Each structure stands twice: as C-alpha cells, then as structure tokens.
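Peer 1: Sharing a structure, written as structure tokens. Questions coming.
Numbering (this note's numbering), first residue to last: 12 to 159.
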C-alpha cells in the first residue's frame, strides 16, 4: 500500500467534500450545533414527560376535589359513599403521580401499549369477519400498525 502525500490527501478531500472542504470551520460548527440540538431534543423529551405526568397528577387531584364537592352537595343521594370513595381514589392517584412520576409514566406507557395491542387484535378479528369486502386488507394493515 502506498503512502499518500499531503497534496494527494488535500486533493482527495477537495474532491469528496467539494466547496465544503474550503471552509472546514463550517462543518465543525454544524457538527457541534447538531450535537447540542440532539442533547436538547433528548432532554426535552424527558422534561416534557415529567411536565405531562405532573399535569396529569394535578388534573386527577382537581377531579377528586370536584368529585368530593359534588358528593358533599348531594348528601341525600344513595351513592354518596361511592362518590366519596372515587374522590379519594382520584386524589390518591394524583398524589401518587406527583410523588412517583417514573412509575406513573411506566404504568401509563404499559396501559397505552395494552390498549393499542387489544385494539389491533379486535381490528384483525373484524377484518377477517369482513374479508368478503375488497377493502378488508386496510383493516388488516390498521390492525398490524396498532399491534406493532
């Protein structure tokens, strides 16, 4: 294998990179920019997840307080104890999401995955029930997307 001279390396670099080879600082700057933007993107997802789960906790607590107020105002109703139990459950779920956001995120993720999976299976069953129609393949495709 032959050694390349510095002039040959510069010539190959110019041929490969074209005009960009004349301003290497631009490529380095773009590389650094993309690294920073990637880090912001990854951190942004984490931050957005925590903001979302805390907002969900706040909504659960607010829902529990409103449920409790409704139960108190409906004191003559037979289901007041059920309404009070639901209010306590809502408030407890909201406090749990605030106290333990990562397990709450995991639970919501698993719940959504289960919903998508079951929906996909039901769509697949429906597709095979309607296979005499020409468009039944679209239901199969939709079910495959939901299952995956």
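All C-beta atoms in this analysis are idealised placements derived from N, C-alpha and C, irrespective of residue type, glycine included.
Note that this is a predicted model, so its numbers are computed, not measured.
I want to know whether the segment 68-88 touches the segment 96-116 - three or more CB-CB distances under 8 Å.
Peer 2: With a cut-off of 8 Å, the segment 96-116 and the segment 68-88 count as touching, because enough Cβ pairs lie within range.
Peer 1: Going along the chain, which residues of its own chain have a beta-carbon closer than 6 Å to the beta-carbon of residue 131, five neighbours each way excluded?
Peer 2: Only 154, 157 and 158 meet the Cβ criterion.
Peer 1: How big is the Cα-Cα spacing for residue 16 and residue 152?
Peer 2: C-alpha separation (whole angstroms): 57 Å.
Peer 1: Cβ of residue 119 within 9 Å of Cβ of residue 46?
Peer 2: Result no, Cβ atoms of residue 119 and residue 46 do not sit closer than 9 Å.
Peer 1: With DSSP run on the structure shown, which of helix, strand or coil describes residue 88?
Peer 2: Reduced to three states, the DSSP call for residue 88 is coil.
Peer 1: Return yes when the Cβ of residue 68 is within less than 9 Å of the Cβ of residue 112, no when it is not.
Peer 2: Yes, they are a contact pair.
Peer 1: Who are the Cβ neighbours of residue 147 in its own chain at under 6 Å, not counting the five residues just before and after it?
Peer 2: Within the same chain, residue 147 has close Cβ partners 138 and 141.
Peer 1: With DSSP run on the structure shown, which of helix, strand or coil describes residue 145?
Peer 2: Three-state result, residue 145: coil.
Peer 1: What runs of the alpha helix (DSSP H), each 4 residues or longer, lie entirely inside the segment 50-127?
Peer 2: Listed in chain order, the complete alpha helix (DSSP H) runs (minimum 4 residues) inside the segment 50-127 are 91-110.
Peer 1: Taking C-alpha atoms, which residue in 83, 87 and 110 lies nearest to residue 97?
Peer 2: Answer by Cα proximity: 83.
Peer 1: Quick one: grab the DSSP three-state call for residue 130.
Peer 2: Looking at residue 130 - three-state DSSP - the assignment turns out to be helix.
Peer 1: Locate the alpha helix (DSSP H) running through residue 22, then write down its first and last residues.
Peer 2: First-last of the alpha helix (DSSP H) with residue 22: 17-28.
Peer 1: With DSSP as the reference, label residue 34 as helix, strand or coil.
Peer 2: DSSP places residue 34 in coil when its eight states are reduced to three.
Peer 1: Would you kindly work out how many angstroms separate the C-alpha atoms of residue 90 and residue 136, rounded to a whole number?
Peer 2: If I take the Cα positions, the gap works out to 39 Å.
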